[in-house]
Amino acid sequence: MSWTALLLVVCAAFIHAGWNLLSKRAAMAGAHFVFAYSFFAILFYFPITLWVVFTQGNMPWTSETITCLVLSALLHMCYSLSLQKGYQVADLSVVYPIARGTGPMLSSIGAFILLGEPVRPLGVLGILLVVMGILLIATQGRLRRFFSPAALTGVRWGMQTGILIAAYTVVDAYGVKVLLISPFLLDWFSNVLRLGMLAPFIAKRGRAGFVKFKPYWKLAAAVGLLSPMSYILVLQALSMGAPLSMVAPAREMSMMAGTLLGMVVLREKANVWSLLGCAIMISGVIALTSGPAA
C-alpha cells in the first residue's frame with residue numbers, strides 16, 4: 001500500500017471515529033435515523049456526483065455494475081440497521097468491538113478468496129495485531145466480558161454486523177477495483193438505492209416515527225456529511241491499487257482515533273489498556289504496509 005493510500009485511510013479513520021460517535025447518540029432513532037442521514041448524504045454529495053459525471057464520464061450501466069450497486073445498497077442498509085439495533089438491545093462496548101474486529105478479518109479472507117490477493121505472512125500478522133488492538137481499546141483489557149451470559153446478545157449482534165461489514169467491503173472493493181466504478185458514484189448511487197429500499201418501511205411507520213426522530217435531525221445531517229466522506233476516502237485508496245486485505249484492517253484505526261480524540265479533546269484519563277491497544281494497532285498497520293504490495 002502506497003503512502004498516499006495509507007494517508008487516505010488514516011484520514012478516513014479519524015472522520016469515521018467522529019461520525020460514529022454522533023451515530024451512537026442517535027441509536028434509539030433506529031431506521032428513521034438511517035433513512036435521514038442517507039437523505040442528507042444524497043443531498044450534500046449531489047453536486048460532486050454531477051461534477052464527477054461531467055468530468056470523468058458516467059459509469060457503464062451493465063448488468064454487472066447494476067448488480068454491484070444494488071447489492072452494495074442492500075448490504076449497507078442491513079449493516080446500518082443491524083448496528084443501530086445492536087446498540088438498542090445490547091451493550092455498546094460488546095457490540096462495537098466484535099463488529100469492528102470480525103469485519104476486517106472476514107474482509108481480508110474475502111480478498112484472498114474472491115479477489116485473488118496474495119496471502120502474506122506479515123500481512124496476516126498485521127491483521128491479527130489490529131484486531132487485538134481493537135479488543136484491548138474497547139474492553140480496557142477486560143476480555144472476559146465477551147464470555148459472560150449477559151454479553152451473548154451483544155456478541156451475536158456484533159458478529160452479524162461484522163459479517164455485513166465484510167460483505168459490503170468486498171462488494172465495493174470489487175466495484176472500484178474490477179468494474180472501475182468511481183468511488184463517488186458508487187457511494188452516491190448506493191445511498192439513493194438504500195433510501196428507496198427504506199422508504200416503504202418508513203412510510204408504514206407513519207408520523208410517529210418522525211416525531212421520535214425529530215430531536216436527532218442535526219445529528220443525521222452531520223452523519224450524512226461525514227459518513228460518505230470517510231468511506232469515499234477508503235474506496236479511493238482501493239481504486240489506487242491498495243489491496244483490500246491491507247485497507248480493511250487499516251481503516252479500523254478509527255478505534256484508535258476515537259481513543260486519542262477522547263484523551264486530547266475531551267480530556268479523558270489515559271488508560272494503560274487503551275494506550276497498549278493503540279500501540280499494538282500501530283504495529284499491526286506497520287506490518288500491513290511493510291513488504292511488497294499486491
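If you're matching positions, the sequence shown starts at 1 in the UniProt record's numbering and goes up one per residue.
Backbone N, C-alpha and C fix where the C-beta goes; we use that ideal spot for every residue, glycine too.
DSSP state of residue i mapped onto helix, strand, coil
i    : result
P47  : helix
S290 : coil
L275 : helix
G103 : helix
T62  : coil
M281 : helix
I181 : coil
P118 : coil
G158 : helix
Same chain only: Cβ atoms within 6 Å of residue i, ignoring 5 sequence neighbours per side
i    : result
L43  : none
M253 : A13
Proximity winner among the options, relative to residue i (alpha-carbon distances)
i    : options          : result
S80  : S254, A12, A26   : A26
P200 : C11, A31, A12    : A31
L225 : W188, V211, V171 : W188
R156 : K85, T67, G57    : K85
Residue j beta carbon less than 8 Å from that of residue i
i    : j    : result
Y216 : H76  : no
G158 : I98  : yes
I181 : M281 : no
I202 : F39  : no
L136 : G277 : yes
K177 : S230 : no
T153 : A208 : no
A237 : G126 : no
I134 : M255 : yes
A248 : P104 : yes
V94  : A166 : no
Cut-off 7 Å between Cβ atoms - residues of its own chain near residue i, not counting five sequence neighbours on either side
i    : result
S190 : L69, S72, A73, H76
Presumed contact (8 Å Cβ cut-off) between residue i and residue j, rounded CB distance
i    : j    : result
L106 : G162 : 7 Å
G23  : V223 : It is Ser, not Gly, that sits at residue 23 in the sequence shown. Correct: roughly 6 Å between the Cβ atoms.
Other residues of its chain near residue i: CB distance less than 8 Å, five sequence neighbours each side excluded
i    : result
A293 : The predicted model places A293 with a pLDDT of 47, which falls under 50 and marks its position as unreliable; any figure quoted below should be read in that light. Correct list, in chain order: M1, S2, G241, A242, P243, M246.
F184 : Y45, I48, T49, V52, I232
A111 : E117, V170, A173, P243, L244, S245, A248
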